[in-house]
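**Student:** Following this message is one structure expressed as C-alpha cells.
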Amino acid sequence: MGLQSPILSGEVLAPEPVFRINRFTVPDASRTEFMALIGDTLAVIRRQPGFVRDTVLENATGLGASSLMTLIEFAHQSVLPGVIEALAADDRARGLDRPAELERLGIRAENGLYSLLDI
20 MGLQSPILSG
30 EVLAPEPVFR
40 INRFTVPDAS
50 RTEFMALIGD
60 TLAVIRRQPG
70 FVRDTVLENA
80 TGLGASSLMT
90 LIEFAHQSVL
100 PGVIEALAAD
110 DRARGLDRPA
120 ELERLGIRAE
130 NGLYSLLDI
C-alpha cells in the first residue's frame with residue numbers, strides 16, 4: 020500500500036510555521052544602542068497576529084564585536100505581510116530608516132525565512 024497525499028485523502032493540514040532568522044555582527048561600541056532597537060522591533064512583532072515566539076542569541080567573540088541572532092516563529096507565512104506592514108508603520112512613526120541605522124552603527128546583517136524539515 021503506497022502513501023496517499025493528504026490532498027487526495029481529504030485530510031486537512033495545519034498551516035506550517037515559518038521562521039525568520041536574522042544574524043547580526045555588532046561592534047561592541049554599538050551593542051547597547053542596537054539592543055534597544057532589537058527590543059523595540061520585537062515589541063512590535065510580538066503584538067502581531069500569528070506571532071508564536073522569539074529567541075535572541077549571542078556569541079560574544081571578544082574580538083571587538085558580537086554575533087547576535089534572532090529566531091522568530093510565526094504560525095504561517097500568510098501572516099508575514101501584516102508583520103512587515105506593522106514594522107514599516109512603526110519605522111515611519113519613529114522616523115527610522117532601518118538600513119541607514121544599521122550602516123551608521125556598523126552592523127552587518129544576514130536574514131532569511133526558513134521552514135521546518137520533516138526528517
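Per the numbering used here, the very first residue in the sequence shown carries number 20; after that it's consecutive.
Quick reminder that beta carbons are idealized off the backbone N, C-alpha and C, glycines included.
Count the other C-beta atoms from every protein chain shown that fall within 10 angstroms of the C-beta of Q23, then say buried if there are 16 or more, exposed otherwise.
**Tutor:** With a pLDDT of 47 at Q23, under the threshold of 50, the modelled position of this residue cannot be trusted; read the value that follows with caution. Counting Cβ neighbours within 10 Å, Q23 comes out exposed, since fewer than 16 surround it.
**Student:** Classify L132: buried if its beta carbon has 16 or more other beta carbons within 10 angstroms, exposed otherwise.
**Tutor:** Exposed, because fewer than 16 other Cβ atoms sit within 10 Å of the Cβ of L132.
**Student:** If you draw a straight line from the alpha carbon of S49 to that of H95, how long is it in whole angstroms?
**Tutor:** For S49 and H95, the distance between alpha carbons rounds to 33 Å.
**Student:** When the Cβ atoms of the stretch 55 to 67 are set against those of the stretch 86 to 93, are three or more pairs found closer than 8 Å?
**Tutor:** Taking 8 Å as the limit for Cβ pairs, the verdict is that the stretch 86 to 93 does touch the stretch 55 to 67.
**Student:** In three-state terms, what does DSSP make of A128?
**Tutor:** Three-state result, A128: strand.
**Student:** Check the C-beta distance from G125 over to P46 and give it rounded, since I have them as a contact under 8 Å.
**Tutor:** G125 to P46, Cβ: 5 Å. Contact.
**Student:** Between S86 and R42, is the Cβ-Cβ spacing less than 9 Å?
**Tutor:** Closer than 9 Å, so yes.
**Student:** Relative to the C-alpha of L106, which residue among E120, D59, L135 is closest?
**Tutor:** Out of E120, D59, L135, D59 has the C-alpha closest to the C-alpha of L106.
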